[in-house]
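Please read the structure below before turning to the comments.
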Amino acid sequence: MTGTEPATTRRSLHGVAELLLAGPQHRATGRIDLRVVDGGFATAAGPDLRVGGDGLLTAAGRFALNGRSYDEVARSAGLEAGEPAGVYGGGPGVRTDEVIALDAGAVETVLTAFADGDRALREFAPGTEPILWPEHFDVAISLDEVNYGVSPGDGFQAGPYAYVGPFERREGEFWNAPFGAARTLAELGSVAAVVRFFRTGRERASVP
Numbered sequence: 024m025t026g027t028e029p030a031t032t033r034r035s036l037h038g039v040a041e042l043l044l045a046g047p048q049h050r051a052t053g054r055i056d057l058r059v060v061d062g063g064f065a066t067a068a069g070p071d072l073r074v075g076g077d078g079l080l081t082a083a084g085r086f087a088l089n090g091r092s093y094d095e096v097a098r099s100a101g102l103e104a105g106e107p108a109g110v111y112g113g114g115p116g117v118r119t120d121e122v123i124a125l126d127a128g129a130v131e132t133v134l135t136a137f138a139d140g141d142r143a144l145r146e147f148a149p150g151t152e153p154i155l156w157p158e159h160f161d162v163a164i165s166l167d168e169v170n171y172g173v174s175p176g177d178g179f180q181a182g183p184y185a186y187v188g189p190f191e192r193r194e195g196e197f198w199n200a201p202f203g204a205a206r207t208l209a210e211l212g213s214v215a216a217v218v219r220f221f222r223t224g225r226e227r228a229s230v231p
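For the sequence shown, our numbering begins at 24 and goes up steadily by one.
Structural data, given as structure tokens:
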């Protein structure tokens, strides 16, 4: 479908996370953190907003996303579309009047990456709470000055990938990305392999 290739879908969902979930949540509670839930992602605090497939679910009902602007969806749901103002720079740069364009297969790829990432992070570091960040649109944790996470794809890597990002740069063959180390989910092949990658990253990051 024209205009709904994976990058376009990913940008649209990133806009949903920022403009329709994180923004309203920040205005209500001061928080921007989101969370992965079954079948999608959601706010971590009030109001209770979540994305499931191509719909926005609120206390008032389910509202279609595809083919509508963020402003239109927000008005239907009784929300104000907009980013968490003044919190961060370098987000997706999506305007509230842009039209959301989603391809079902690409949506599934993004949501599967988040679900697998959330599962891997919880297995890797039990007791931690993975956060879906609206700025970079990845699910991640920080542990002993190292970031661990999974991205559905971005300007660095077109497809979903796992990463390990020490606060201070490390040298060596393992560290193959500007921010640390990255491996595509296709290359890793399973949630268990993602966990092993995180564990290896923790070991390598412990060496200055």
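A virtual CB, placed ideally from N, CA and C, is assigned to each residue, including glycine. Note that this is a predicted model, so its numbers are computed, not measured.
Review point. Which same chain residues, not among the five before or five after Asp71, have their C-beta less than 8 Å away from its C-beta?
Key: Within the sequence shown, numbered from 1, the residue matching residue 71 stands at position 48. If we look at Asp71 and ignore the five residues flanking it on each side, its Cβ neighbours are Ala65, Thr81 and Ala82.
Review point. What are the complete beta strand (DSSP E) segments, minimum 3 residues, inside the segment 82-156?
Key: 84-87 and 154-156
Review point. When you compare only the Cα positions, how much space is there between Leu166 and Leu57?
Key: Taking the first residue of the sequence shown as 1, we reach residue 166 at position 143. Taking the first residue of the sequence shown as 1, we reach residue 57 at position 34. Near 18 Å, if we compare the C-alpha coordinates of Leu57 and Leu166.
**Study point:** Beta-carbon contacts of Pro47 that lie in its chain and below 7 Å, excluding the five residues immediately before and after
**Key:** As a first step, residue 47 is located in the sequence shown; it is residue number 24 there, counting from the start. Correct list, in chain order: Pro70, Leu72, Leu102 and Glu103.
Point to revise | For Ser213, the first and last residue of its enclosing alpha helix (DSSP H) | key: Taking the first residue of the sequence shown as position 1, residue 213 is located at position 190. Run containing Ser213: none; DSSP gives neither H nor E here.
Check your understanding: What did DSSP end up calling Phe197 once you bin it into helix, strand or coil?
Key -> As a working mapping, residue 197 is identified with position 174 in the sequence shown. Residue state, collapsed to three classes: coil.
Point to revise | Integer-rounded CB distance, given that Ser92 should sit under 8 Å from Thr119 | key: Locating residue 119 in the sequence shown gives position 96, counting from the first residue. Locating residue 92 in the sequence shown gives position 69, counting from the first residue. With 8 Å as the limit, Thr119 and Ser92 qualify as a contact, their Cβ atoms being about 7 Å apart.
Practice item. With a cut-off of 8 Å on the beta carbons, I'd call Gly62 and Gly76 a contact; round off their distance for me. Key: Here residue 62 refers to the residue found at position 39 when the sequence shown is read from its first residue. Here residue 76 refers to the residue found at position 53 when the sequence shown is read from its first residue. With a Cβ gap of about 7 Å, Gly62 and Gly76 count as contacting.
Review point. Can you tell me the Cα-Cα spacing of Arg219 and Phe137, whole angstroms?
Key: Here residue 219 corresponds to residue number 196 of the sequence shown, with the count starting at 1. Here residue 137 corresponds to residue number 114 of the sequence shown, with the count starting at 1. Going from the Cα of Arg219 to the Cα of Phe137 covers about 17 Å.
Practice item. Would you list the one or two residues that DSSP bridges to Gly188? Key: Residue 188 sits at position 165 when you count from the first residue of the sequence shown. Bridge partners of Gly188: Asn170.
Exercise for review: With Ala45 as the anchor, note down where its beta strand (DSSP E) starts and where it stops.
Suggested key: The sequence position of residue 45 within the sequence shown is 22, counting from 1. It is not in any beta strand (DSSP E) - Ala45 carries neither H nor E in the DSSP assignment.
Check your understanding: Do Val39 and Val74 have their CB atoms nearer than 8 Å?
Key -> By 1-based counting over the sequence shown, the position of residue 39 is 16. By 1-based counting over the sequence shown, the position of residue 74 is 51. Against a cut-off of 8 Å, the Cβ pair of Val74 and Val39 comes out as a contact.
Check your understanding: With burial defined as no fewer than 16 other Cβ atoms inside 10 Å of the residue's Cβ, what is the status of Glu41: buried or exposed?
Key -> One-based indexing of the sequence shown puts residue 41 at position 18. Counting Cβ neighbours within 10 Å, Glu41 comes out buried, since at least 16 surround it.
Review point. When you compare only the Cα positions, how much space is there between Ser35 and Val133?
Key: For the purposes of this step, residue 35 is taken as the residue at position 12 of the sequence shown. For the purposes of this step, residue 133 is taken as the residue at position 110 of the sequence shown. Computed Cα separation, rounded: 11 Å.
Check your understanding: Do Leu44 and Ala97 come within 8 Å of each other at the CB atom, strictly closer than that value?
Key -> To locate residue 97, count along the sequence shown from 1; it is residue 74. To locate residue 44, count along the sequence shown from 1; it is residue 21. No; because the gap between Cβ atoms is not below 8 Å, this pair is not in contact.
Exercise for review: Rank Glu95, Gly53, Thr207 and Ser229 by C-alpha distance to the C-alpha of Glu168 and give the top, closest one.
Suggested key: As a working mapping, residue 168 is identified with position 145 in the sequence shown. Nearest of Glu95, Gly53, Thr207 and Ser229 to Glu168, Cα basis: Ser229.
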